[in-house]
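Please read the structure below before turning to the comments.
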Amino acid sequence: MDLRQLRSLVYIADSGSLSRAAEILRTSQPSLSQQIKDLEAELGIELFHRHARGVILTETGHTLYAHARSILKDVAFAKETVITQSRNPSGKVSVGFPTSACRGLSAALIAKVKEKYPSISIHLIEAMTGTLDEWMQTARLDIALLYDPRVFANISLYPVGIEELMLVADSKNQILHRNSIGFVELESIPVVLPGKQHVLRNYIEHLATRNGITPRVIIESDSFNAIVELVKAGYMTIMPHFAMLQEINAGLFGAVPIMDPTPNWRFSVVVSQRTINMMSTNAVAAILIELMRDMIDNGTWRARALSD
């Protein structure tokens, strides 16, 4: 049973005549007759009563006719929806950002989406990378920006860039007069970092272990806003330059490169393949990737661009 047979069934039943149906469908009467015979043979039932003036549906034929009309209607609606959406994507798309990138990306992403696809609405979620990773795996998010993401089923991954982690301090801190600090100095420089479940802390601790040191973490905070306030109060932290861009541009903070080794991580856009709105999700993901690459190219985001 296929759509062509169901369509022929409906046209024959509506016209009451094989010849009229063949004319409407622009096919030959023998071809149409063979389709119905094949369908009757497959189902093991008679669909039409034949008489001198044409054909009428049998009782079982009426049952199949009702289903056929419904199926054809749904197919036509699906086709129309896909065509319309391809021209004008719409619906809600959920986007997850890690806290350190949310401030710098949210407004710009929404503005660009609204400009190009006004029928798409964005649901922004801000969370730690580990949480975003989990929500992508369970299809609670359509798109996420992840640092050093793991590859798992049902996602597409688009590498965007690699950025350095830097020592960030209040603009009055004397350490900002230095061109750089050595990584091993983190054993004596007091810093504020997120807790050990955070991807940034895990990365710093792993790199420190490989280099035989223990970072001097004097305060743990999983609140990005709290870390910002603590830096304003004179503490130091380790963050990507982009995370503190607002304060750095305002002259409140400064950032010093860390050397030998330089801590850095890859960031990527991941897209769920289980979203119910794939076309709009892909449209938003493309805008996000383009936005981030533009920021890298113009120097707003201090990172090295990566290709897919």
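Residue numbering for the sequence shown follows the numbering used here, beginning at 625 and increasing consecutively. Ideal placement from N, C-alpha and C gives every residue a C-beta, glycine not left out.
Please name the residue, chosen from the options, that lies closest to residue i on a Cα-to-Cα basis.
i: Asn901; options: Ser745, Val784 and Gln798; result: Ser745
i: Ile680; options: Thr687, Leu671 and Leu688; result: Leu671
i: Gln658; options: Arg650, Leu642 and Ile648; result: Leu642
i: Leu627; options: Ile660, His675 and Leu696; result: Leu696
i: Leu649; options: Pro839, Gly720, Ser632 and Lys716; result: Ser632
i: Ile669; options: Trp925, Lys703 and Gly685; result: Gly685
i: Ala665; options: Ser694, Met625, Ile636 and Ala690; result: Met625
i: Glu871; options: His822, Val852, Pro783 and Ala676; result: Val852
i: Leu769; options: Arg898, Pro885, Thr705 and Leu733; result: Leu733
i: Gly836; options: Val706, Asp662, Phe807 and Ala700; result: Phe807
i: Ser718; options: Asp766, Leu688 and Ala676; result: Asp766
i: Lys736; options: Leu930, Ala907, Ser931 and Asn826; result: Ala907
i: Thr886; options: Ile828, Leu912 and Gly878; result: Ile828
Buried or exposed: which applies to residue i, given that a residue is buried once 16 or more other Cβ atoms fall within 10 Å of its Cβ?
i: Ser847; result: exposed
i: Val816; result: buried
i: Ser652; result: exposed
i: Phe721; result: buried
i: Ser812; result: exposed
i: Pro839; result: buried
i: Leu667; result: exposed
i: Thr905; result: buried
i: Ser892; result: buried
i: Ala793; result: buried
i: Ile920; result: buried
i: Val841; result: buried
i: Val706; result: exposed
i: His673; result: exposed
When the Cα atoms are used, what is the spatial distance from residue i to residue j?
i: Ala910; j: His830; result: 33 angstroms
i: Ile862; j: Leu791; result: 5 angstroms
i: Gly678; j: Ser780; result: 56 angstroms
i: Cys726; j: Met868; result: 11 angstroms
i: Gly923; j: Glu787; result: 12 angstroms
i: Leu756; j: Val775; result: 13 angstroms
i: Leu630; j: Ala692; result: 6 angstroms
i: Ala777; j: Asp698; result: 31 angstroms
i: Tyr771; j: Met903; result: 25 angstroms
i: Tyr782; j: Arg644; result: 55 angstroms
i: Met883; j: Ala731; result: 33 angstroms
i: Ile799; j: Ser743; result: 49 angstroms
Examine chain D for any beta-carbon lying closer than 8 angstroms to the beta-carbon of residue i, and answer yes or no.
i: Gln821; result: Annotation note: the requested chain D is absent from the structure, which comprises a single protein chain.
Which whole-angstrom value is the C-beta distance of residue i and residue j, which I expect to be below 8 angstroms?
i: Val880; j: Arg802; result: 6 angstroms
i: Ile636; j: Leu656; result: 7 angstroms
Any chance you could list the alpha helix (DSSP H) runs of at least 4 consecutive residues sitting entirely within the stretch 837-878, in chain order? DSSP assignment within the stretch 837-878 yields the following whole alpha helix (DSSP H) runs of 4 residues or more, N-terminal first: 848-856 and 869-873.
Any alpha helix (DSSP H) of 4 or more consecutive residues that is wholly inside the stretch 685-768: If one requires a minimum length of 4 residues, the alpha helix (DSSP H) runs lying completely within the stretch 685-768 are 723-740 and 753-761, in chain order.
Scan the stretch 775-835 and note each continuous alpha helix (DSSP H) run of 4 residues or more that stays entirely inside, going in chain order. Here the runs fully enclosed are 823-834.
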